[in-house]
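Okay, structure first, notes after.
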Amino acid sequence: MKKRLCVVTSTRADWGLLSPVCRALRDRGLLRIDIVATNMHLIERYGNTYREIEADGFDIACRVPTDVGSDDDASRALVMAKTMEGMTKAFDSLRPDAVLLLGDRYEMLAVASAAAVMHIPVIHIAGGEVTVGALDDAFRHAITKLSSLHLTATEDYRRRVLQLGEQPDTVINTGAIGVWNAFNTPLMSPGQLSESIGFDVTKGPLAVVTYHPATNDVVAPEARLGQFLDALDRYPSLRLVVTAPNNDAGGERLLAMLEDYVSARHDRAVFVRSLGMVRYHSLLRCASLVIGNSSSGIVEVPSAGIPTVDVGIRQQGRISAPSVIHCAEDTDSVAEAIANALSPEMQALATERVNPYFKPDTCALMVEAVETFVSRLPLPPKHFYDLK
């Protein structure tokens, strides 16, 4: 019988990254792939993005709803509790041989914890990274210690996972799967994209805007967003495609502010809750820049050949390309960074597509590593690796 790999996805962002790996694993046919959808995928106000999984041709083996309807730190802890309870039941039902997950979110720590307690080995994508401005930083490193195979995005991140005590033969630098997607996703034409989102993307200049709460910030996220939006208003000719924030603490308040902002500027802005991978990469090829504090702006966007304005502390600590402009959160700093990104010099620099996260064979490396790992199960107990 085929061994079973459970792939857990909780947001539009991680599914966009996981989907090509899942497709390749399924097509090779060596493993049975069970998709578990949880958290934001199952929340209507965030777009019910489980539909994107189904649209990609996958059945959802199990759904784990976690919404608690609140927007503060305590509610995120409750979501973690619901995730752990729901994932325990899902794992008990599916009986996977291993679990594949990506990233650093609070609910993924609950997923990894449930798997560890149930003696199910965890395969972790994107460990070893640093994001000073978010609680995700601690969650990511905790997931590393609960995992048995590590697929990192750069060699520097691989070394950091070794520093956390993981055995060298279990830590593989595959490059970032999001960058592989940038070069291997069939794109929509500008006309098809415009029709799909109800907004003409051919009239420039165009910016893609994504702004999430920075959960380690001492300033309220809505105050930060207010300054950010004031900076955008200094460029009335800049057309905007705005996507929804994630559901970290404070995300609901940001969601309402962004919807109100776009509604008052419908002549030059559109709000799209979730673009999905194909529309997102298609949009990057039509845009002049990306503005906000999403990890995609640092990891993936440089390979699209446009600049990124990375705002605030949320992504502080990540390795970044020359085309990424880091700035403070105040209105003047954001406005100045946008001007820099739109300058001929920065536009030309971005077209060089320098990206430290790029490897040409990322997807194949991940698939080979996962299949090899699962074929060698069961595992002996983990041992802490001491640096010489």
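By this note's numbering, the letter at position 172 of the sequence shown is numbered 160, and the numbering carries on one by one without gaps. Note that beta-carbon positions come from the ideal geometry of N, C-alpha and C, so glycine has one too. What you are looking at is a predicted structure, and each value in this text was computed from that prediction instead of being measured.
{"Item": "Give a yes or no on whether the C-beta atoms belonging to V355 and V9 are separated by under 8 angstroms.", "Value": "yes"}
{"Item": "Going straight from the alpha carbon of E288 to that of V266, what length do you get?", "Value": "13 angstroms"}
{"Item": "I'd like to confirm the pairing. Which residues does DSSP put opposite K(-9) in its beta bridges?", "Value": "L19"}
{"Item": "What is the DSSP secondary structure of L137, reduced to helix, strand or coil?", "Value": "strand"}
{"Item": "Within its chain, find whatever has a CB closer than 6 angstroms to the CB of N27; leave out the 5 residues flanking it on each side and keep chain order.", "Value": "S(-2), T54, E95"}
{"Item": "Along the alpha helix (DSSP H) that carries A195, what are the first and last residues, could you check?", "Value": "Run containing A195: none in the alpha helix (DSSP H); it sits in the beta strand (DSSP E), 194 to 198."}
{"Item": "Quick one: residues in its chain with C-beta nearer than 7 angstroms to the C-beta of F346, no 5 flanking neighbours on either side, listed in chain order?", "Value": "G163, V167, S291"}
{"Item": "Quick check: what's the CA-CA separation for L19 versus Y223?", "Value": "51 angstroms"}
{"Item": "Using only the heavy atoms of the ligand NAP, determine whether one of them is closer than 7 angstroms to the beta carbon of R128.", "Value": "This structure simply doesn't include the ligand NAP, nor any ligand for that matter."}
{"Item": "Report yes if the CB atom of A49 is closer than 8 angstroms to the CB atom of L82, and no otherwise.", "Value": "yes"}
{"Item": "Please return the same chain residues whose Cβ sits closer than 7 angstroms to the Cβ of N343, not counting the five positions on each side in sequence.", "Value": "V167, P290, S291, A309"}
{"Item": "Taking the straight line between their C-alpha atoms, what separation do you get for L175 and D374?", "Value": "46 angstroms"}
{"Item": "Look at the Cβ atom of I301, then the Cβ atom of A275, and state whether they are nearer than 8 angstroms.", "Value": "no"}
{"Item": "For E240, count neighbouring Cβ atoms within 10 angstroms of its own Cβ and tell me buried if that reaches 16, exposed if not.", "Value": "buried"}
{"Item": "Of the residues D92, P109, S270, T142, which one's Cα is nearest the Cα of T203?", "Value": "D92"}
{"Item": "Is it right to say N172 is buried, meaning 16 or more other beta carbons lie within 10 angstroms of its own, or is it exposed?", "Value": "exposed"}
{"Item": "In whole angstroms, what is the alpha-carbon distance linking S262 and R39?", "Value": "11 angstroms"}
{"Item": "Looking only at its own chain, which residues have a Cβ that is under 6 angstroms from the Cβ of R212, when we skip the five neighbours before and after it?", "Value": "E317"}
{"Item": "So, helix, strand or coil for D205, using DSSP?", "Value": "coil"}
{"Item": "Would you call the CB atoms of L365 and D85 closer than 8 angstroms?", "Value": "yes"}
{"Item": "Following the continuous alpha helix (DSSP H) through G285, name the residue where it begins and the one where it ends.", "Value": "283 to 287"}
{"Item": "With A237 and D124 assumed to form a contact (beta carbons below 8 angstroms), what rounded beta-carbon distance in angstroms separates them?", "Value": "Not really, about 12 angstroms apart at Cβ, beyond 8 angstroms."}
{"Item": "Tell me which same chain residues have a C-beta within less than 6 angstroms of the C-beta of S7, skipping the five on either side of it?", "Value": "D44"}
{"Item": "When DSSP labels each residue in this structure, what does R51 get in the three-state scheme?", "Value": "strand"}
{"Item": "Could you tell me whether the region 56 to 76 touches the region 109 to 120, where touching means 3 or more Cβ pairs closer than 8 angstroms?", "Value": "no"}
{"Item": "A100: buried (16+ other C-beta within 10 angstroms of its C-beta) or exposed?", "Value": "buried"}
{"Item": "CB V197 to CB V229, shorter than 8 angstroms?", "Value": "yes"}
{"Item": "Below 8 angstroms on the Cβ atoms is my guess for A130 versus L89; work out the distance and round it to an integer in Å.", "Value": "So it is not a contact: roughly 13 angstroms between Cβ atoms."}
{"Item": "At which residues does the alpha helix (DSSP H) containing C274 begin and terminate?", "Value": "Where C274 is concerned, there is no enclosing alpha helix (DSSP H), given that its DSSP letter is neither H nor E."}
{"Item": "What span of residues does the alpha helix (DSSP H) with N169 cover, start to end?", "Value": "165 to 172"}
{"Item": "Would you mind stating whether P379 and P201 have Cβ atoms separated by less than 8 angstroms?", "Value": "As displayed, the chain neither begins before -11 nor continues past 376, which places residue 379 out of reach and without an answer."}
{"Item": "Using a threshold of 8 angstroms, state whether the C-beta atoms of I313 and T339 are closer than that.", "Value": "no"}
{"Item": "Count the other C-beta atoms from every protein chain shown that fall within 10 angstroms of the C-beta of S177, then say buried if there are 16 or more, exposed otherwise.", "Value": "exposed"}
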